[in-house]
Structures are given as structure tokens and as C-alpha cells.
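For reference, the structure discussed in these notes is given below.
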Amino acid sequence: MSMIAAFYSSKSILITGATGFLGKVLMEKLFRTSPDLKIIYILVRPKAGQTLQQRVFQILNSKLFEKVKEICPDVHEKIRPISADLNQHDFGISKEDMEELLSSTNVIFHCAATVRFDDPLRHAVQLNVTATQQLLFMASQMPKLEAFIHLSTAFSNCNLQHIDEVIYPCSVEPKKIIDSMEWLDDAIIDEITPKLIGDRPNTYTYTKALGEIVVQQEGANMNVAIIRPSIVGATWQEPFPGWVDNLNGPSGMIIAAGKGFLRSIKATPLAIADLIPADTVINLTLAAGWYTAVHRPKSTLIYHCTSGNLNPCNWLKMGLHVLETFEKVPFEKAFRRPKANFTTTSFTNHYWNAVSHRAPAVIYDIYLRLTGRKPRVTKLMNRMLRMLSMLEYFVNHSWEWSTHNTEMLMSMLSPEDQRMFNFDVRQLNWLEYIENYVLGVKKYLLKEDMAGIPEARQHLKRLRNIHYLFNVALFLIIWRLLIARWQMARNIWFFISSLHTL
Ligand SMILES: CCCCCCCCCCCCCCCCCCCCCCCC(=O)SCCNC(=O)CCNC(=O)[C@H](O)C(C)(C)COP(=O)(O)OP(=O)(O)OC[C@H]1O[C@@H](n2cnc3c(N)ncnc32)[C@H](O)[C@@H]1OP(=O)(O)O
Ligand SMILES: NC(=O)C1=CN([C@@H]2O[C@H](COP(=O)(O)OP(=O)(O)OC[C@H]3O[C@@H](n4cnc5c(N)ncnc54)[C@H](OP(=O)(O)O)[C@@H]3O)[C@@H](O)[C@H]2O)C=CC1
1 MSMIAAFYSS KSILITGATG FLGKVLMEKL FRTSPDLKII YILVRPKAGQ
51 TLQQRVFQIL NSKLFEKVKE ICPDVHEKIR PISADLNQHD FGISKEDMEE
101 LLSSTNVIFH CAATVRFDDP LRHAVQLNVT ATQQLLFMAS QMPKLEAFIH
151 LSTAFSNCNL QHIDEVIYPC SVEPKKIIDS MEWLDDAIID EITPKLIGDR
201 PNTYTYTKAL GEIVVQQEGA NMNVAIIRPS IVGATWQEPF PGWVDNLNGP
251 SGMIIAAGKG FLRSIKATPL AIADLIPADT VINLTLAAGW YTAVHRPKST
301 LIYHCTSGNL NPCNWLKMGL HVLETFEKVP FEKAFRRPKA NFTTTSFTNH
351 YWNAVSHRAP AVIYDIYLRL TGRKPRVTKL MNRMLRMLSM LEYFVNHSWE
401 WSTHNTEMLM SMLSPEDQRM FNFDVRQLNW LEYIENYVLG VKKYLLKEDM
451 AGIPEARQHL KRLRNIHYLF NVALFLIIWR LLIARWQMAR NIWFFISSLH
501 TL
């Protein structure tokens, strides 16, 4: 019998961020492996005109939960959505709900966060730092609490090159930052943001680092652990390979490349692409929850959930295999054929952005205008270039994350748990994983049917012919202009014509 699965049976579990990418994979695994768990409380905000119940209904009716519904038919009754907005004081939770949470919760998984790279500091601090502090305050009032697991990121200290499983200090104490957000106005916050984030690339990584310090300080008397995943990708094995449901990280770029929008990317080809599958992150998170509650380590343990030092893969290998997979499973209605390269200097990057990104978009928009349609491609292209510029930092640096705690945890698991809650990335076959990832993007994100593959291939052939025609036309125009203006070109032309008449 799995010790981890047995631990979660009959437990009351509180999850924040359960409607997010990792939160859903976490709930799914909990229900599938511990169907006897007592209840999962999820803190949810109403969104896009949907009630809480409708949001839960939508999650449970997705493909991800198909297996769960077989194993745990009463899953609807075991999820209790609680109306909560983490941006509000006390999360806006009603008094009755708060009492129930405080008196019953055994384990907390804190997954909610803003993962946007461009969030204003005030908002990122509110969600990634202040809300974490409030949740810990709630946790401190829970008599039955056995473990508090905080989801952070391996990039919270991306200003360092070698990162250990420890918490690094920030130049300003999180409490001071939280306080200052209350009285500083937006203009001043914007002005001091670059100074505060220092050599980190964005407010996300900075506020996740502050969040960790808060966890260490406020959670000192609790059983707390921090998980630091690197770049989370589609699922590797469970509940099935390739599941992904948002555009963050590489997923958006895979779409952009598959649709022929992304043709070049400034990257260091041999830098480590530290991807980690979502199910691996969740297996480690659940194992850490069990270990923290049962073994009660004396200090807050940090677990790096990364692949680079155990099973490295670089961006070149990854990029090439993504492109190879597009040949087997092309995406529908591509703008151009999926073909891309890496640039390594700013000069070549600007050049390819102009030639391969901006120029085709402008030309296509002219064509749309001429045919009486609304131009839209330049706008889309600009948006993609903005996203690309935000991700560039992460594909041009390499980091070394030590994984002693993660390896220690692996060694503490029974053989049954090592199989059921596998987070040993040494077993991951990158080529197979990337292929399933691209396939998953096509199926679950783009919602494209496999039956459309022949038509997608035909479309790519048409694009190839248009490309050839375009090149020939361009060559003829340039040649005609040269002949009109340049004696040497005329001489060459006469020479070629005379060869023909010989
Ligand atoms: C020789 C061979 C060469 C081969 C090369 C080619 C191969 C190509 C594939 C290889 C992949 C390489 C890709 C590298 C990717 C590296 C990723 C590194 C990530 C580091 C992660 C750190 C880990 C973490 O801890 S956090 C999780 C990660 N967080 C994110 O990823 C968030 C990033 N996103 C943002 O911050 C924002 O979305 C932003 C700033 C990029 C854009 O904000 P904006 O306000 O402009 O737009 P949105 O309102 O967010 O969205 C507008 C619109 O766009 C859609 N969208 C959102 N995100 C993406 C995306 N990443 N890609 C594409 N589209 C996106 C969104 O759904 C909206 O669509 P609507 O239709 O308007 O609703
Ligand atoms: N994905 C990745 O590549 C990585 C993620 N991580 C970390 O893992 C955790 C989960 O990430 P991921 O699942 O990808 O993120 P998502 O963006 O997919 O999910 C974020 C979750 O937070 C919730 N949330 C945001 N704001 C509020 C709010 N004001 N009140 C209540 N809930 C809110 C969202 O709810 P709603 O649905 O209502 O928006 C959603 O459920 C984060 O802590 C992140 O830092 C770490 C490394 C990499």
C-alpha cells in the first residue's frame, strides 16, 4: 500500500490556485490516488460570469478528470469551493466558511499566484507576498494542520547562477515592501520597481523570492515546505501524456512556431532547457506534503523540482525536436510553414525579426486590405514579439540547481511510492516527451482534430508553392529594376541571351 496515498485518505485538504494549471493536476492526482480523502476545499473567485459551481463543474467535466470520475464517482461531493479573492482582506471569505476551514484543514497546498512577467509590482506583491502572509496567518490558527506546502519557482533566485535549496535574503525585508505598498502611489512604485528587482528580469521572480522569505518567517512554528519547479510543461505520464491547458512557458511558443509565426528566436542553443513535466511537479509536491507532516523536519525544507542536473536537455535539441514533430503532426491553418532558427546576436535577431516576422505580417495585412478584409496579422505578430522578448531572458541563461533534498525525499519513499509518485526525471525520454507535448498542445490547447492532418499538410504544400512563386516574382522584379538602372546588369543579361541563341 502506498504510504503517501494512505496519508491523504481521510484528510481535509485546502488548495489555493486549484483552477490553475498545476492546481488542476494536483486535485486530479489526489482524487485518483486517495479517493477516500475527506474533502478538498478550494479557494476560488467567480470569474468571467461563471459561478463557483460552474467553474468546478467545468473542471470536473474536462478530459483531465475522466479517470477520476471512474475511480471516485462522488468526486463532486468531495470538492467544496469557497468563494475567496486572495487580493482582499481575509480573502473575502465568509465567517462560516472561515470557521469550517480553520477547524478542519489538515494540509494546505498554496498554488495561487500571479505568474505574469509584466505585472505591476503592487499587484504581484499583493498576490505573491501579502496573500501568502495572510494564508500563513490563517494556517497558524488551524489546530489540525499537519503540513503547509508552498509552490514557488526555481527562478526566484535567477539572479544567481548556482542555486542551493536554501532561502536567500532580499535587499529589502518583505514586511517593509508589504507596508510600503499601502502608502506609496503607483507612479513612485513604478519608479522604484527596477531598483527593487535589481538583476532579476521581472516582478514575478522578485515577488516569488519575497514570498519564500515570508514562508520561512511566518511559518517557523509550522510544518512548512517549499517546492521550486523550473519551467513547467505538459504532463509526462499522468493521467495521460501531453496534457496542458494554458499558454505559459513554452506552450505559447510551440503554438507560435507550429503556426509559422515564430521563425527565429534569440537563444543560446546549448543552454539547458530546464523543463519539468506538470505531473512530476505534483508527485514531488504530494510526497513533500506527506514527508513534512509525518517526519516533521526541524527546518523549512526546499525542494528543487528541476531536470537540468539529473537529465539535461538543451534548447537546440528541444527546438529541433519540436520542429521535427510538426512534420508528423502539422497544426491547422498555419500562417507560414513551421521553420525556425536560433539567433545568437542582437544584430541577427533584429535582422530576422524584420525579415521573417514583421515583413511577412505587413505584406499579409496589405493583402487582407486589398481583398476587403480587416488587417490583423501585424497586431498578432507584435504581441508575439512582446511575449518573446519577455521569455528571452530564460532561454539565454543556464542555471545549476542542487537537488539534495529532492533526492533525499526520493530515497525516503517505498518502492510502491516511487512508482506511484514518480518524480525521478532521470527516467524521462526527452524526444518522446517533446513529441507528446506538441501533440498535447494540438489536441488540448488548440482543440484540433487528428482527422484534419491531411488537410493541414495540403495547406502547408500550398504555402510552399506560394513561397516559391513569391521568391520568383521578387527575383524578377529586382532583376527588371537592375536592368533598367545598371549597365552592368544589362551586359550580363545580353550575355546570357546570346548564350541562349548560340
Ligand atoms: C534550430 C532549431 C530552432 C527551433 C526554434 C523553434 C522552436 C520553438 C519551440 C521551443 C520553445 C522555446 C520557448 C521558450 C520558452 C521559455 C519559457 C521560459 C519561461 C520561464 C518560466 C519561469 C517559470 C515560472 O515560474 S512562471 C510560469 C510562466 N509564466 C509565464 O509564462 C507567463 C508569461 N506571460 C506573461 O507574462 C504575459 O502573458 C505576457 C507579458 C507575455 C503578455 O501579456 P499581454 O497582456 O500582452 O497579453 P495577455 O493578456 O497575457 O494575453 C494576450 C493574448 O495572448 C495569449 N497569450 C498569453 N500568453 C501567451 C504566450 N505565452 N504565448 C502565446 N499567446 C499567449 C492570451 O491567451 C491572450 O489571448 P486572447 O485570445 O486575447 O485571449
Ligand atoms: N507554470 C509554471 O511554469 C510554473 C509555475 N510555478 C508556480 O506554481 C504555482 C501554480 O502555477 P500555475 O498553476 O502555472 O499558475 P496559473 O496561472 O495557471 O494559476 C494561478 C492560480 O491562482 C489563482 N489566483 C490568481 N489570482 C487569484 C486571486 N486574486 N484570488 C484567488 N485565486 C487567484 C488563479 O485563479 P483564477 O483561475 O481565478 O485566475 C489560478 O487558479 C504558482 O505559485 C507558480 O508561481 C512555478 C514554476 C513554474
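Residue numbers (full-length UniProt numbering): 1 to 502. Backbone N, C-alpha and C fix where the C-beta goes; we use that ideal spot for every residue, glycine too. These figures come from a predicted structure and were not determined experimentally.
When Cβ pairs closer than 8 Å are counted between the two stretches, the stretch 274–288 is seen to touch the stretch 17–31, the count reaching three or more. Take residue 323, set aside five residues on each side of it, and the residues of its chain with a beta-carbon closer than 8 Å to its own are 257, 338, 339, 340, in chain order. Taking C-alpha positions only, residue 196 is separated from residue 250 by approximately 27 Å. The C-alpha of residue 223 is placed about 12 Å away from the C-alpha of residue 143. Here the distance from the Cβ of residue 139 to the nearest heavy atom of ligand 1 is not below 7 Å. By the criterion of at least three beta-carbon pairs nearer than 8 Å, the stretch 209–221 is not in contact with the stretch 400–415. Annotation for residue 317: the continuous alpha helix (DSSP H) segment containing it runs 315–328. Residue 130 is a Cβ neighbour of residue 178, given a cutoff of 8 Å. Rounded to whole angstroms, the Cβ separation of residue 365 and residue 377 is 5 Å, and the two are in contact under 8 Å. Annotation: the continuous alpha helix (DSSP H) that includes residue 103 extends over 95–104.
The way I'd put it, the stretch 38–47 does touch the stretch 81–96; three or more beta-carbon pairs between them come closer than 8 Å. Looking only at 76, 86, 139, the smallest Cα-Cα distance to residue 99 is reached by 139. Residue 266 holds the alpha-carbon nearest to the alpha-carbon of residue 346 among 123, 266, 477.
With 16 or more neighbouring CB atoms inside 10 Å of its own CB, residue 215 falls in the buried class. By the criterion of a C-beta distance shorter than 7 Å, residue 152 is surrounded in its chain by 208, 211, 212, 226, 227, 228, once the five residues flanking it on both sides are discounted.
In the three-state scheme derived from DSSP, where H, G and I count as helix and E and B as strand, residue 167 is classed as coil.
Taking a 10 Å sphere around the C-beta of residue 399, we find 16 or more other C-beta atoms and assign the residue as buried. By the CB criterion at 8 Å, residue 119 and residue 206 fall outside the cutoff. Our two residues, residue 175 and residue 61, have alpha carbons roughly 41 Å apart in a direct line. Per DSSP, the unbroken alpha helix (DSSP H) holding residue 465 starts and ends at 453–485. A check of alpha carbon separations from residue 401 across 466, 64, 92, 308 identifies 308 as the nearest. DSSP places residue 79 in the uninterrupted beta strand (DSSP E) bounded by 79–83.
Collapsing the DSSP output to three states places residue 401 in a strand. Within the same chain, 269, 270, 271, 272, 273 come within 7 Å of residue 314 by CB-CB distance, once the 5 residues on both sides are set aside. Apart from the 5 residues on each side of it in sequence, residue 87 sits with its Cβ closer than 6 Å to the Cβ of 126 in its chain, given in chain order. With 16 or more neighbouring CB atoms inside 10 Å of its own CB, residue 200 falls in the buried class.
Boundaries around residue 132 are those of the alpha helix (DSSP H), 131–140, since no beta strand (DSSP E) includes it.
When rounded, the separation of the alpha-carbon atoms in residue 54 and residue 310 is 41 Å. Each residue's CA atom was taken as its position, placing residue 10 and residue 221 some 24 Å apart. Sixteen is the threshold: since fewer than 16 other Cβ atoms of the shown chains lie within 10 Å of the Cβ of residue 351, the residue is exposed.
Closest in alpha carbon position to residue 284, among 443, 113, 109, 1, is 109.
Spatial neighbours of residue 71 in its own chain (CB-CB distance under 8 Å, excluding positions within 5 residues in sequence) are listed in chain order as 31, 32, 35.
Residue environment for residue 74: exposed (fewer than 16 other C-beta atoms within 10 angstroms of its C-beta).
Rounded to whole angstroms, the gap between the alpha carbons of residue 296 and residue 344 is 47 Å. Not one heavy atom of ligand 2 sits closer than 7 Å to the Cβ of residue 122. In the structure shown, residue 386 falls within a helical segment according to DSSP collapsed to helix, strand and coil.
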